[in-house]
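Enquirer: Below: one structure in structure tokens.
Protein chains in written order, with this note's numbering: chain A, 9 to 459; chain B, 9 to 459; chain C, 9 to 459; chain D, 9 to 459.
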């Protein structure tokens with residue numbers, strides 16, 4: 009909520025969700041500005057190929073300066089086509105160079121190359137914020153390397169872990185998303201300068217030259233070949249990769265939501281806002297819940313992106329309306345999710361004492377595997393040891409596992425009291441957690457160097 | 009594109025897609041206005057139950073008049089909660105009645121009841137426009153009742169139909185969607201006035217009275233029981249039903265897109281806009297393509313709506329952010345699709361001559377089944393007749409089926425030239441098309457009376 | 009796992025998931041059997057219309073008796089078409105009546121009418137099991153009507169509820185699904201007897217008669233009009249409605265999974281199986297987790313069903329392969345989910361004591377709203393009371409809310425010790441829970457009468 | 009349809025779709041066989057780390073030989089757990105080594121490592137078949153490099169292309185999928201050997217050694233860190249990447265389906281099967297339609313895979329049931345699609361004459377852009393030339409564009425008859441198609457070397 013909010017808005021991405029910087033990228037004004045930039049690069053290509061007069065790049069950059077977004081879209085009302093409207097305005101205002109504007113190009117030379125430029129910027133922001141999240145997670149992972157807590161599977165206490173170990177898993181998982189973004193950029197961030205059906209026919213035998221120069225000016229590699237449009241698998245990959253990232257952030261948010269339950273209280277959001285309009289005592293994990301909520305939006309968008317791949321022949325237009333919604337919405341949504349995650353990690357409250365208290369909740373039963381392993385070491389076959397421990401833990405009633413073990417005839421013959429105590433010590437049953445945390449952070453380091 | 013477009017917009021539903029009337033319903037200002045309306049209805053419930061002073065309804069209606077949308081959201085910046093912000097403002101401005109505002113209610117009493125009111129209006133528009141589409145389709149179906157054309161399966165000419173028959177199928181299909189909307193309204197358009205966990209505890213033993221009066225004022229039936237929120241299956245049903253409708257409109261749009269192919273040219277969009285920025289000769293079915301494009305957006309949203317059902321316990325907040333996007337987007341999107349379909353049907357150009365010309369394209373092979381049936385009538389077993397015709401149609405080369413049949417020894421023993429001619433006449437092989445068209449239109453009539 | 013499992017299976021729906029009765033319905037042998045049944049009904053229609061000899065129905069029923077599934081599919085290998093293979097076999101074996109088999113019909117007259125019959129049976133099972141689930145839930149809701157427990161929002165203790173109240177919400181929610189199934193049957197369970205492009209042309213002017221008689225024999229209403237196939241919105245509605253139901257069962261399963269957490273332990277699955285291959289102490293909610301897992305499968309299938317709507321012209325074949333998978337998988341999956349839910353409800357262990365213990369976990373803070381309401385009753389404005397309670401609950405430290413309230417100067421002036429005690433009693437702050445439970449069960453009763 | 013089909017099957021992937029080799033990989037028997045292989049590798053790790061006697065690897069390989077799939081699943085009926093059942097059987101049969109089987113491992117050490125092995129094989133097949141498709145496409149692209157045909161956008165004739173150029177686009181697009189598969193393998197095909205919560209605690213300080221040795225034996229890199237399970241983003245990436253590939257094959261199939269329309273007839277499936285059970289003349293593109301149908305199944309599965317990412321804490325079990333369906337279904341489905349595409353490409357009939365005939369359908373209007381460009385070359389501003397051509401093409405009536413141009417006063421002043429003729433020659437307006445085809449094929453070559 010800020011100055012951007014206007015009372016007629018229906019889409020919360022206009023003001024409520026997403027950062028200003030991300031919204032600016034996909035704003036109408038920046039889209040039109042980038043269209044013009046691409047038209048200028050195209051003109052440079054035409055000039056290079058001898059298809060337009062030398063001075064037309066400079067002329068175009070000048071005469072396009074005061075084209076207003078509103079003009080373009082008012083003209084679109086008449087012409088039914090935004091790029092046609094823009095090129096009409098350029099044609100009118102750029103003197104004799106006007107006759108060379110958009111020459112031999114098709115609308116999607118401009119649109120798809122513009123998407124490439126906007127997505128390069130947008131993914132730049134995504135990567136920067138994801139890097140921030142990763143670094144915060146790595147820091148927390150190191151800080152809480154030794155902070156004991158229950159590991160939980162099926163919602164049940166399973167075995168002890170440390171918070172640092174838990175978080176190192178997120179470091180690994182999110183690094184994999186970073187890696188995927190690097191990988192997809194090479195397929196997605198490419199210029200499309202190839203004319204109406206992709207043959208570059210309008211530029212005679214000079215098409216490759218036009219493409220090379222225009223792409224160079226924009227700092228883009230061109231697509232290897234295209235129809236009227238760039239291949240849509242690139243966009244589907246983009247939205248899939250972002251939805252995977254969103255689902256990973258959802259997992260982290262779910263972690264916080266669960267660990268901040270009244271009964272668990274190990275971690276919670278430490279913001280100072282009103283939790284509830286009617287129950288003042290609550291500490292609602294609202295940032296995490298927003299992350300999980302927006303993740304559902306991201307997942308739904310994948311379907312749309314996948315359906316856009318099978319365009320007919322040299323293209324049909326059905327990707328156009330859907331991408332006008334899909335592309336900005338997916339980037340702004342992930343942007344909000346990353347911002348929220350950063351905010352979450354920077355303000356999260358971690359109650360180390362409560363974690364260690366919870367570890368005792370099962371009165372030692374959480375250590376059952378450790379005892380089982382001890383028994384196997386002493387020669388009991390694994391499946392018999394497993395069965396034994398299952399019986400013992402289920403017969404504990406109000407007693408601790410230590411008591412039960414000590415009182416069991418069979419066990420007490422095998423294990424001394426000291427050995428039982430040692431086997432029940434969570435600190436001694438953390439395996440290779442340190443090495444694994446290190447591996448995760450090292451992996452992150454390698455990935456962050458990739459792009 | 010109109011006055012609503014502003015150069016910072018990132019969501020095309022703000023200006024490009026959707027009608028003004030639909031956008032107005034889901035605008036921030038109308039949402040806040042409706043929140044206030046629900047707070048007033050709640051106050052009426054409190055008064056009825058003796059929990060607030062008699063005059064507080066009137067007072068609230070007055071003192072809420074000059075609450076600005078912007079104020080609410082500026083306060084939300086501090087409080088982190090929009091309903092809390094609104095009730096704070098009302099509390100401040102409504103004198104002694106301020107102390108009774110929102111009493112015993114939870115935010116989602118207001119939010120969910122507001123959704124019910126907005127969706128009642130929104131679905132009202134959807135139904136009106138769908139009714140318009142249905143009536144136009146029925147009219148066209150009657151007008152082109154006898155207009156012969158090839159029926160096509162697998163993209164292949166199959167058997168003759170009439171355009172009226174084709175369109176009557178859409179009348180039936182879309183009527184089924186209208187029926188579904190009527191059916192879901194009873195589950196979706198309900199008030200939710202039940203407090204923080206749904207027990208109405210804050211109103212002591214007067215909860216049902218508060219609910220009854222408040223609901224009555226808004227003209228809503230209440231939900232039978234709720235948690236903190238109305239059950240989310242209603243929203244999932246809404247989005248599913250709209251996505252089914254969208255996919256049916258997509259099917260109609262696809263029909264137009266295919267029939268307007270250069271090679272077919274039976275039907276096309278008769279707008280007068282620029283078809284292509286570079287190929288001036290084309291008649292692109294851009295409205296239909298937009299319909300098909302937006303249908304992909306609608307389908308994706310179903311996933312989000314389904315995921316919102318499984319909220320934890322008495323609710324978690326993960327539906328909130330996603331529904332802020334989902335609900336307005338789905339209604340505005342379907343609104344644009346219906347508007348486009350109406351425009352399409354009102355301006356569509358139908359080339360009856362070309363249809364009948366295309367019918368001759370297979371030189372009679374399209375009538376193969378008719379001949380086969382004739383042979384069976386004359387005593388040939390069905391599968392032998394089928395095999396016979398398959399051989400004959402595949403051996404036609406450049407000859408017509410009539411010639412081939414006349415020259416075939418076996419056939420010419422069974423069928424006279426006149427019988428062959430008759431069997432090959434498409435007008436005589438349309439079965440019960442008239443009765444079926446009538447049934448479809450009658451079905452529509454019944455459905456449109458339902459709600 | 010049972011005799012059906014064979015070591016070459018790749019699909020767990022063949023043996024692991026789903027009941028025998030549901031699997032039998034969608035087995036190849038039953039599909040072929042039903043194809044034959046529909047061919048016989050069609051023959052009855054032909055006879056009725058005078059298009060086939062009187063005795064052919066009887067003949068067909070006889071001669072089809074020993075057609076083996078395997079024969080059909082071995083022939084399909086040659087002919088590339090299962091219905092063509094079946095009708096070929098019938099043609100060969102049914103003497104002179106063989107020549108009338110399938111006369112004038114198209115494959116999808118048989119296939120779609122078969123789907124209608126199989127789905128009528130399949131939905132019959134779904135309704136029976138859903139009814140069972142509803143009745144079990146209603147029973148539990150009555151049995152635990154007064155069993156106090158914390159109501160939870162955002163995972164946080166919010167206000168007291170009773171388990172009966174919680175479950176009554178599921179009674180309401182699932183009744184809505186039952187209602188939706190009743191509603192969709194009228195659109196989905198219909199015969200399709202209309203020939204190659206839906207005009208019934210092959211039956212000359214007798215088509216409506218053929219359709220009437222055949223449909224009557226099968227106990228089906230016919231579709232009002234069709235293309236070569238029944239409209240696919242019916243199948244999309246089916247899968248959507250089942251996915252909504254699945255998501256509701258997912259919500260119930262999530263409830264159990266969360267309430268059986270080590271820290272909460274209010275409810276758990278009481279099966280006797282090995283919980284973990286390595287941690288013998290655990291009580292994993294594996295049935296509930298399976299329900300939640302399969303719900304994800306159900307949701308994904310909605311996309312496929314929606315995409316099947318927009319078939320081209322009088323149909324393309326792209327629904328065929330996808331529905332061969334989609335329809336059986338969606339019915340068998342929901343069947344397993346309903347069976348699991350029944351098993352869950354029948355064996356669930358409910359720890360009433362633990363519930364009431366957990367209610368005390370916040371030392372009274374869960375009752376903050378009740379105190380706030382009391383203060384408002386005594387004349388404090390709502391938002392000031394809200395703020396007051398927020399401060400007090402956050403300053404509790406290790407003290408109980410009772411202590412804090414008693415020690416607060418402002419409060420102690422307004423509320424006596426007895427009033428504080430009363431306000432903090434959860435039993436007194438349950439509002440209209442009894443009436444709401446009754447409403448839910450009554451609603452269920454009405455819905456179950458619908459179909 | 010083959011020996012695998014049994015009359016109780018409900019899933020067509022058991023026999024109808026997918027190759028034997030792919031089905032074998034995901035068959036129960038191979039899954040169990042691979043479980044055992046992983047248990048043996050784990051044993052090797054234990055031995056290496058000194059945690060099990062030297063001879064136990066050999067012993068285990070022997071004693072596991074005659075474990076029957078059926079035994080495992082019959083025992084699962086009792087134990088409720090497949091891995092527990094297998095390890096129980098191994099424990100029973102492997103003498104003193106039985107006591108070391110599965111020691112310190114968790115079920116998902118076995119399950120996830122097994123998925124990695126099966127997916128390595130499965131993706132191997134996918135890559136081999138995709139390579140085959142790519143090579144066939146490249147061959148066709150070269151063979152039909154010069155075969156003129158209409159390029160189509162919006163279903164409208166746009167500009168001439170060659171079939172080779174069209175197909176080269178698919179070469180590029182599908183190569184991108186191949187690239188994505190190579191890229192995801194590094195994240196997906198990894199062993200998971202880390203025990204109950206991922207810390208390797210049961211192996212004391214020897215965990216990394218156990219993991220290294222076991223992974224080495226299987227030829228796998230281990231995951232860097234895990235919870236109880238491997239991170240699920242890998243599976244989501246897998247299904248997304250396959251769904252993207254499926255959608256690209258869908259696009260190719262749609263190309264064939266459209267180009268084989270009765271009115272177009274440029275390309276069609278040349279199989280010899282019955283096209284229709286009632287219309288013998290038709291050439292239905294049934295392979296292509298099956299590809300498009302199965303693509304819808306693939307897209308739906310992405311949703312399930314994405315939802316599996318957000319598992320709770322160190323894991324919940326909700327991925328288990330869904331992946332048992334998801335993983336085999338997605339691999340077998342894509343396998344069928346690739347097989348179908350290969351069959352399609354190997355048997356496709358291409359009618360070069362018809363293509364060149366269709367090119368003339370618009371009487372030269374398809375060359376409008378070429379004329380426009382010529383006019384610009386001669387000095388007319390682009391947008392005026394565009395407008396001029398739009399007028400001329402719309403005024404053609406029955407005349408050819410050549411006639412219209414020759415008769416137009418303005419044009420005839422600018423262009424000579426020869427220049428008009430030249431501008432209207434499609435062969436001269438193909439731009440850089442040869443260079444672009446070369447680029448596509450070269451790109452494919454590079455990609456195919458990647459993995």
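Positions of the beta carbon are idealized from the N, C-alpha and C atoms, including for glycine.
This one's a predicted model, so the numbers in the text were calculated from it and none came from an experiment.
#1: Let me see if you follow: with CB-CB separation under 9 angstroms, is residue 251/B close to chain D or not?
#2: So, with DSSP's three-state summary, where would you put residue 236/A?
#3: Rounded to whole angstroms, what's the CA-CA distance from residue 430/D to residue 436/D? Just pull it up for me.
#4: Using a Cβ cut-off of 9 angstroms (strictly closer), state whether residue 239/D contacts chain A.
#5: Would you mind reading off the limits of the beta strand (DSSP E) that contains residue 452/D?
#6: In the DSSP assignment, what are the bridge partners of residue 167/A?
#7: Which residues, in chain order, does the segment 317 to 349 of chain B contribute to contact with chain D at a C-beta distance below 9 angstroms?
#8: Could you pull out every unbroken beta strand (DSSP E) segment of at least 3 residues lying fully inside the segment 172 to 239 of chain C, listed in chain order?
#9: Checking contacts by CB at 9 angstroms: is residue 311/D closer than that to chain B?
#10: If we ignore side chains and look at the alpha-carbon of each, how far apart do residue 156/C and residue 434/C end up?
#11: Does chain C have any CB closer than 9 angstroms to the CB of residue 256/A?
#12: Do we get a CB-CB distance below 9 angstroms when we pair residue 36/B with the residues of chain A?
#13: Any beta-carbon of chain D closer than 9 angstroms to the one on residue 384/B?
#14: Can you name, in chain order, every residue of its own chain whose Cβ lies under 8 angstroms from the Cβ of residue 69/C, other than the five neighbours on each side?
#15: Grab the span of the alpha helix (DSSP H) containing residue 272/C for me, first residue to last.
#16: From the DSSP output, in three-state form, read off residue 517/C for me.
#17: Answer yes or no: do residue 158/B and residue 374/B have a C-beta to C-beta separation smaller than 9 angstroms?
#18: Can a CB atom of chain C be found closer than 9 angstroms to the CB of residue 15/D?
#19: Strictly below 8 angstroms CB to CB, what residues from chain B border residue 72/A?
#20: Counting only runs of 4+ residues fully inside the segment 291 to 316 of chain B, write out the alpha helix (DSSP H) ranges in chain order.
#21: Looking at the C-beta of residue 363/D, does it have a partner C-beta in chain A at a distance below 9 angstroms?
#22: Note down, in chain order, all residues in the segment 198 to 210 of chain A with a beta-carbon under 8 angstroms from any beta-carbon belonging to chain B.
#23: Give the secondary structure of residue 33/A by DSSP, where H, G and I count as helix, E and B as strand, and everything else as coil.
Expert: Looking at the atomic coordinates:
#1: Residue 251/B sits at position 243 when you count from the first residue of the second chain. No, residue 251/B lies away from the interface with chain D (no Cβ there is under 9 angstroms from its Cβ).
#2: Position 228 of the first chain holds residue 236/A. Here residue 236/A sits in coil by DSSP.
#3: Position 422 of the fourth chain, counting from 1, holds the residue named residue 430/D. Position 428 of the fourth chain, counting from 1, holds the residue named residue 436/D. Straight-line Cα distance between these residues: approximately 7 angstroms.
#4: Residue mapping note: residue 239/D aligns to position 231 of the fourth chain, counting from 1. By this cut-off, residue 239/D is an interface position.
#5: In the fourth chain, counting from the first residue as 1, residue 452/D sits at position 444. Run containing residue 452/D: none in the beta strand (DSSP E); it sits in the alpha helix (DSSP H), 441 to 458.
#6: The residue labelled residue 167/A in the question sits at position 159 within the first chain. For residue 167/A, which the question treats as bridged, DSSP gives the partners 159/A.
#7: none
#8: none
#9: Numbered from 1 along the fourth chain, position 303 holds the residue referred to as residue 311/D. Yes, because at least one Cβ of chain B sits closer than 9 angstroms to the Cβ of residue 311/D.
#10: For the purposes of this step, residue 156/C is identified with residue 148 of the third chain, where counting begins at 1. For the purposes of this step, residue 434/C is identified with residue 426 of the third chain, where counting begins at 1. Cα to Cα, residue 156/C sits roughly 8 angstroms from residue 434/C.
#11: Within the first chain, the letter at position 248 stands for residue 256/A. No, because no Cβ of chain C sits closer than 9 angstroms to the Cβ of residue 256/A.
#12: Working through the second chain from its first residue, we reach residue 36/B at position 28. Closer than 9 angstroms: yes.
#13: Along the second chain, one-based indexing puts residue 384/B at 376. It does not; no Cβ of chain D falls within 9 angstroms.
#14: As a working note, residue 69/C is residue 61 in the third chain. Once the five neighbours on either side are set aside, the close Cβ partners of residue 69/C are 48.
#15: Along the third chain, one-based indexing puts residue 272/C at 264. Taken as a continuous stretch (DSSP letters only), residue 272/C belongs to no alpha helix (DSSP H), as it is neither H nor E.
#16: Within the shown structure, residues of chain C are numbered from 9 to 459, placing residue 517/C beyond reach of any answer.
#17: Within the second chain, numbered from 1, the residue matching residue 158/B stands at position 150. Within the second chain, numbered from 1, the residue matching residue 374/B stands at position 366. Contact: yes.
#18: Mapped onto the fourth chain, residue 15/D falls at position 7. Judged by the 9 angstroms Cβ criterion, residue 15/D is in contact with chain C.
#19: As a working mapping, residue 72/A is identified with position 64 in the first chain. The contacting residues do not exist; residue 72/A stays about 15 angstroms from chain B at best.
#20: 294 to 315
#21: Along the fourth chain, one-based indexing puts residue 363/D at 355. Judged by the 9 angstroms Cβ criterion, residue 363/D is not in contact with chain A.
#22: Closer than 8 angstroms at the C-beta level to chain B, one finds these residues of the segment 198 to 210 of chain A: 203, 204 and 210.
#23: As a working mapping, residue 33/A is identified with position 25 in the first chain. Reduced to three states, the DSSP call for residue 33/A is helix.
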